[in-house]
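A.B. asks: Pasting in a structure now, in structure tokens, and then I'll have a few things to ask.
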Amino acid sequence: MSREETAFTQEVWGLQGTAYLVVALRYYNRISTLGWRSLASDDAIMFLAVIVYTAESLMAYLVAAYWKGLANNAMTDAQRAALSPLSEEWHLRVNGSKTHVVGLLLYTTLLWLLKACWLVYYSRLTQGVANMRRVIHWGVAVVGVTYVSCLLVAFLKCIPFDPSPGNNCMPAISAVQTIYVMVVNTLTDFYLMAIPLPVVWNSHLPWRKKLVLCVMFSGGFLEMAFGIVRCVSILTLGDIDPAQSGYWSVRESFVSFVLTNLPMVYPMFRRFIEKGRSLSRSKGTSGADSRGYKLGSLPGRIETVGRQQQTSSSVPRHTMWGSEEHIIDQQRGTASDSEETSLDLPKHRVGGVSFAEQNERTPGSTRSTGDACRIVVTREYTVTEGSQRGSKNFGSPDL
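FYI, my numbering numbers position 345 of the sequence shown as 769, with every residue one higher than the one before it.
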């Protein structure tokens, strides 16, 4: 093999190995998170896509390594007539043309299998959203019809057969098939991207999460770019190097394969990154205080602004979310129904903290009936390593 063919062979199997790793991470994340029963129809389709992608890579390898990139194109009528059926070149060109046909069918099948995976995933993602089921059903019809049309173009473009085939009968550089598949592939990708993006954009998610999801679901633009480059390369360099069809088909298939598995793999990497950040924060906190962690140093900490004056007409103070409050009904002089609360920490749990016992009042104590509900923080807790019971730091009651 030439240096270029050797480099392409290494590229083909390198991309193939990466694709296997990505799909293995997909199944690992699905099974480890939700179990075997969580596997859905899109996982079965993805398994079939792995088989088709492997066969496509094998066809591209045969074109470059065994058939020297030759096909039935880049020949004049005189050269075609003078070529002996017993010659090695005749053998290479015939087998190269057949391999190109099989490779193009596998390329088309793989792309449309991945589109089916997207549709199944979107049907789960948009479950319960108004009018989305009809959009998904239309998507199934569009994907099915366009796939059948691509197969018809592949099988019928070279009829009637001719001893001197024109461009339509040259699978390595066929303009009709190359352009048609590229256009249909681009249009269907636009349709698929139009399903989740409006839903994500109109959701109540934070802007950071919206941006991440929009970028992830907009990967079709990258696939479109590779499809257009493939089309241009085949039409401009096909006569010089017929293997261009195999080169760019494998590359576009790899990009589509990774992008389709990205929504299933991304949560695992996100959990890994968040776990690393949490570990680094815990190490930083332990460096500052090796014996314990005060609640005020944790996210969602209690931030009490000032202290209430010991008068019945004092203004209620403000506390942030995540704190342990006891809300007292001023008008009734009794505690609210949800008296028992618990505080969940990453490694320590302080549960069943009842503030009713901590706010015992004298029988003669009275409150102003005109005040609103008051939030009273009665005690501060410090959670210490090696002990399940938090040490109590008693302060003067803010009553």
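By construction, the Cβ of each residue, glycine as well, lies at the ideal position given by its N, Cα and C atoms.
None of the values given here were measured: they were computed from a predicted structure.
For Asp466, which residues from the same chain have a beta carbon less than 6 Å from its beta carbon, with the 5 sequence-adjacent residues on both sides left out?
C.D. replies: Only Cys541, Val544 and Tyr545 meet the Cβ criterion.
A.B. asks: Can you tell me where the alpha helix (DSSP H) holding Cys366 begins and where it ends?
C.D. replies: Residue 366 lies beyond the range of the chain shown here (425 to 823); nothing can be said about it.
A.B. asks: For Glu513, count the other beta carbons within 10 Å of its own beta carbon; 16 or more makes it buried, fewer makes it exposed. Which is it?
C.D. replies: Exposed is the call here.
A.B. asks: Using the Cα positions of Arg654 and His524, report the straight-line distance between them to the nearest angstrom.
C.D. replies: Distance between the alpha carbons of Arg654 and His524: 15 Å.
A.B. asks: Taking a contact to mean a Cβ-Cβ separation below 8 Å, would you say Met640 touches Ala495 in this structure?
C.D. replies: No, the pair does not count as a contact, with Cβ atoms beyond the cut-off.
A.B. asks: Please return the same chain residues whose Cβ sits closer than 7 Å to the Cβ of Leu538, not counting the five positions on each side in sequence.
C.D. replies: Taken in chain order, the residues that qualify are Ala473, Ser680, Phe681 and Thr684.
A.B. asks: Excluding the 5 residues preceding and the 5 following Arg813 in the sequence, name in chain order all residues of the same chain whose CB lies nearer than 6 Å to its CB.
C.D. replies: Residue placement at Arg813 cannot be trusted, given a pLDDT of 41 that sits under 50; the coordinates are not used to answer.
A.B. asks: With DSSP as the reference, label His524 as helix, strand or coil.
C.D. replies: His524 falls in the helix class under three-state DSSP.
A.B. asks: Can the beta-carbon of Val674 be found closer than 8 Å to that of Val436?
C.D. replies: Yes, they are a contact pair.
A.B. asks: Below 8 Å, can you find three or more Cβ-Cβ pairs linking the segment 629 to 647 to the segment 450 to 458?
C.D. replies: With the cut-off at 8 Å, the segment 629 to 647 and the segment 450 to 458 do not touch.
A.B. asks: Exposed or buried, which one is Gly568 when buried takes at least 16 other CB atoms within 10 Å?
C.D. replies: Classification of Gly568: exposed, given that the 10 Å Cβ count is below 16.
A.B. asks: Which full runs of the alpha helix (DSSP H) of 4+ residues lie inside the segment 441 to 482, going along the chain?
C.D. replies: The segment 441 to 482 contains no whole alpha helix (DSSP H) run of 4 or more residues.
A.B. asks: For Arg785 and Arg705, what's the separation of their Cα atoms in angstroms?
C.D. replies: Here the model assigns Arg785 a pLDDT of 42, short of 50, so the residue's position is not dependable, and the following value carries that caveat. Roughly 41 Å between the two C-alpha positions.
A.B. asks: Quick check on the burial criterion: 16 or more other C-beta atoms within 10 angstroms. Buried or exposed for Gly700?
C.D. replies: Flag for Gly700 reads exposed.
A.B. asks: For Ser508, count neighbouring Cβ atoms within 10 angstroms of its own Cβ and tell me buried if that reaches 16, exposed if not.
C.D. replies: By the neighbour-count rule (16 or more Cβ atoms within 10 Å), Ser508 is not buried but exposed.
A.B. asks: Since Val605 and Thr532 are thought to touch, with beta carbons under 8 Å apart, how far apart are those beta carbons, to the nearest angstrom?
C.D. replies: Yes, they are in contact, since the Cβ atoms of Val605 and Thr532 sit about 6 Å apart, within 8 Å.
A.B. asks: If you count every other CB in all the chains shown that lies within 10 Å of the CB of Val572, and 16 or more means buried, which is it?
C.D. replies: Its Cβ having fewer than 16 others within 10 Å, Val572 is exposed.
A.B. asks: Count the other CB atoms, across all protein chains shown, that sit within 10 Å of the CB of Ala443; report buried if there are 16 or more and exposed otherwise.
C.D. replies: Buried, because 16 or more other Cβ atoms sit within 10 Å of the Cβ of Ala443.
A.B. asks: Below 8 Å on the Cβ atoms is my contact criterion, and I expect Glu428 with Ser677 to pass it. Report the Cβ-Cβ distance as a whole number of Å.
C.D. replies: 20 Å between Cβ atoms; not a contact.
A.B. asks: Check Tyr531 in the structure and name its three-state DSSP category.
C.D. replies: Looking at Tyr531 - three-state DSSP - the assignment turns out to be helix.
A.B. asks: Taking the alpha helix (DSSP H) that Trp625 falls in, what are its first and last residues?
C.D. replies: Residues Pro620 to Trp625.
A.B. asks: For Pro622, which residues from the same chain have a beta carbon less than 8 Å from its beta carbon, with the 5 sequence-adjacent residues on both sides left out?
C.D. replies: No residues qualify anywhere along the chain.
A.B. asks: Who are the Cβ neighbours of Val600 in its own chain at under 8 Å, not counting the five residues just before and after it?
C.D. replies: If we look at Val600 and ignore the five residues flanking it on each side, its Cβ neighbours are Val577, Lys581, Asn591 and Asn592.
A.B. asks: What do you get for Glu647, buried or exposed, if any count of 16 or more other CB atoms within 10 angstroms of its CB means buried?
C.D. replies: Label assigned to Glu647: buried.
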